[in-house]
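K.L.:
So that we are looking at the same thing, I have put the structure below in structure tokens.
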Amino acid sequence: MPNRIRHVAAAFATAGLALTLALPARADRVAELSDEPASVPVIFDVAVMRPIGLITTVIGAAFYVFPVAPIVALTRPTEIAKPLGPLVGAPMRFTFQDPLGHHPAQH
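The sequence shown runs 363 to 469 under the numbering used here.
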């Protein structure tokens with residue numbers, strides 16, 4: 363009986379190792395496919411994604427006005443506009459410049 367358990371355990375270990383070694387190849391193939399721009403249905407984009415982008419733009423602008431801008435003005439006044447890009451610029455591009463149904467991964 364213990365000999366049989368060893369054989370079953372060895373079979374499971376071998377199968378697990380084989381599957382583990384095969385997964386990175388699959389992940390690499392998925393990474394190649396994700397370089398293309400993402401596309402979503404236009405209705406979903408207009409009804410859900412664009413309003414979320416608008417809300418994110420407004421929240422980012424409010425967050426920039428207080429507390430980010432005063433803190434940056436006190437600590438690094440020459441870089442006052444640097445946080446504006448990620449907080450307001452990226453959501454604004456997503457909402458108003460990206461074509462309907464297509465959102466590139468990086469701008």
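C-beta atoms are modelled at their ideal positions from N, C-alpha and C, and glycine is treated no differently.
1. Just checking: is the beta-carbon of Val404 within a distance shorter than 9 Å of some beta-carbon in chain B?
2. Check whether the Cβ of Arg366 lies closer than 8 Å to any heavy atom of the ligand GDP, and answer yes or no.
3. My assumption, with CB atoms under 8 Å, is that Gly415 sits in contact with Phe456. Please give the rounded CB distance.
4. If you draw a straight line from the C-alpha of Ile442 to the C-alpha of Ala375, how long is it?
5. With a threshold of 8 Å on Cβ separation, who are the neighbours of Leu449 within its own chain once the five nearest residues in sequence on each side are excluded?
6. Look up His464 in the DSSP assignment and give the residues it is bridged to.
7. Going by other Cβ atoms of all chains shown within 10 Å of its Cβ, with 16 needed for buried, is Thr419 buried or exposed?
P.N.:
Quick answer:
1. Judged by its chain identifiers, the structure shown contains no chain B, having just a single protein chain.
2. The ligand content of the structure shown is nil, which means the ligand GDP is not present either.
3. Yes, Gly415 and Phe456 are in contact; Cβ-Cβ is about 5 Å, under 8 Å.
4. Their backbone Cα atoms lie some 56 Å apart in a straight line.
5. The answer, listed in chain order, is Gly422, Ala423, Phe425, Tyr426 and Val430.
6. DSSP, once it has assigned bridges, lists Ser401 as partnering His464.
7. Answer is buried; the Cβ neighbour count reaches 16.
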